[in-house]
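Engineer: One structure, pasted below without further comment.
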Amino acid sequence: MSQIYIHPTAEVDVKARIGQGTRIWNYCQVRESAVIGDNCIIGKDVYIDQSVLIGSRVKVQNGVSVYNGVTIEDDVFVGPHVCFTNDLIPRAFNDNWSVTATIVRRGASLGANSTIVCGITIGEYAMVAAGAVVTKDVPAYALVKGNPARVAGFVDRMGNRTDNG
Numbered sequence: 001m002s003q004i005y006i007h008p009t010a011e012v013d014v015k016a017r018i019g020q021g022t023r024i025w026n027y028c029q030v031r032e033s034a035v036i037g038d039n040c041i042i043g044k045d046v047y048i049d050q051s052v053l054i055g056s057r058v059k060v061q062n063g064v065s066v067y068n069g070v071t072i073e074d075d076v077f078v079g080p081h082v083c084f085t086n087d088l089i090p091r092a093f094n095d096n097w098s099v100t101a102t103i104v105r106r107g108a109s110l111g112a113n114s115t116i117v118c119g120i121t122i123g124e125y126a127m128v129a130a131g132a133v134v135t136k137d138v139p140a141y142a143l144v145k146g147n148p149a150r151v152a153g154f155v156d157r158m159g160n161r162t163d164n165g
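Here the UniProt record's numbering is used: the first residue of the sequence shown is 1, the next is one more, and so on.
The following block contains the structure:
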């Protein structure tokens, strides 16, 4: 098995579980009870909140924030500066706050600077275009883009259009 690599500037809580072959780069923070699978790449300046679940062979690019309540399955690509939310009614003073779950299914691809609003599921091998604001569930193999994100076509497992779009 290949070794785990954690850059000296990264902060990884002792209660986080990191899979074999995973590499965590500069200035990352991985909080308690986070689980990251095997052979992942966690880019520079990534924040992974407590209890986040990340599968194997996931690539999380620089500057991503993954908040409590997010589950990312195997083989997902998370582009630079993607932001996940976990609060449908954000307030600094909300005494009744609770985490709202989000699931990113196997093989999905999230483009740079996309925002993933909590409480949704992004389907298997779906593709979210750069800058999209995803506010609703995304079907498997769908290509979504815009604000709010809308289905613009469909892709295969490799991201190639299948709808002649």
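The beta carbon of each residue, even a glycine, is placed where N, CA and C say it ideally should be.
Keep in mind it's a predicted model, so treat the numbers as computed, not measured.
Leaving out five residues before and five after residue 103 in sequence, what residues of the same chain have Cβ atoms less than 6 Å from its Cβ?
Structural biologist: The residue you call residue 103 lines up with position 103 of the sequence shown. For residue 103, where only same-chain residues beyond five positions count, the Cβ hits under 6 Å are 71 and 121.
Engineer: Taking residue 43 as the reference, which of 66, 33, 53 and 13 has the closest Cα?
Structural biologist: Here residue 43 refers to the residue found at position 43 when the sequence shown is read from its first residue. Cα-wise, what sits closest to residue 43 is 66.
Engineer: Using CA coordinates, which residue listed in 49, 132, 57 and 127 is at the minimum distance from residue 11?
Structural biologist: Within the sequence shown, the letter at position 11 stands for residue 11. Answer by Cα proximity: 49.
Engineer: Using DSSP's beta-bridge definition, name the partner residues of residue 48.
Structural biologist: Here residue 48 corresponds to residue number 48 of the sequence shown, with the count starting at 1. According to DSSP, residue 48 bridges with 30 and 66.
Engineer: What first and last residue would you give for the beta strand (DSSP E) that runs through residue 145?
Structural biologist: Here residue 145 is taken as the residue at index 145 of the sequence shown, counted from 1. That run of the beta strand (DSSP E) goes 142-145.
Engineer: Under DSSP, the beta strand (DSSP E) around residue 101 begins and ends at which residues?
Structural biologist: Against the sequence shown, residue 101 aligns to sequence position 101. Taken as a continuous stretch (DSSP letters only), residue 101 belongs to no beta strand (DSSP E), as it is neither H nor E.
Engineer: Can you give me the start and stop residues for the beta strand (DSSP E) that residue 150 sits inside?
Structural biologist: As a first step, residue 150 is located in the sequence shown; it is residue number 150 there, counting from the start. Unbroken beta strand (DSSP E) run through residue 150: 150-154.
Engineer: Please confirm if residue 101 has its CB atom under 8 Å from at least one CB of chain B.
Structural biologist: The chain inventory of the structure shown lacks chain B, comprising one protein chain alone.
Engineer: Among 2, 29, 127 and 116, which residue has its Cα nearest to the Cα of residue 8?
Structural biologist: Taking the sequence shown and counting its residues from 1, one reaches residue 8 at position 8. Out of 2, 29, 127 and 116, 29 has the C-alpha closest to the C-alpha of residue 8.
Engineer: Opposite residue 170 in the DSSP bridges: which residues?
Structural biologist: The requested residue 170 does not occur in the structure, where the chain is confined to residues 1 to 165.
Engineer: When you compare each of 92, 138, 75 and 98 to residue 86 by their alpha carbons, which one comes out closest?
Structural biologist: Taking the sequence shown and counting its residues from 1, one reaches residue 86 at position 86. Closest by alpha carbon: 98.
Engineer: Comparing alpha-carbon positions, which option in 96, 94, 63 and 106 lies nearest residue 74?
Structural biologist: Within the sequence shown, the letter at position 74 stands for residue 74. Nearest C-alpha to residue 74: 106.
Engineer: Report yes if the C-beta distance between residue 113 and residue 126 is below 8 Å; otherwise report no.
Structural biologist: For this step, residue 113 is matched to residue 113 along the sequence shown. For this step, residue 126 is matched to residue 126 along the sequence shown. No. Outside cutoff.
Engineer: Thinking C-alpha only, which one of 76, 36, 141 and 56 is nearest residue 13?
Structural biologist: As a first step, residue 13 is located in the sequence shown; it is residue number 13 there, counting from the start. When only C-alpha atoms are compared, the closest one is 36.
Engineer: Measuring CB to CB, does residue 116 end up less than 8 Å from residue 84?
Structural biologist: As a first step, residue 116 is located in the sequence shown; it is residue number 116 there, counting from the start. As a first step, residue 84 is located in the sequence shown; it is residue number 84 there, counting from the start. Their beta carbons are under 8 Å apart, which means residue 116 touches residue 84 by this criterion.
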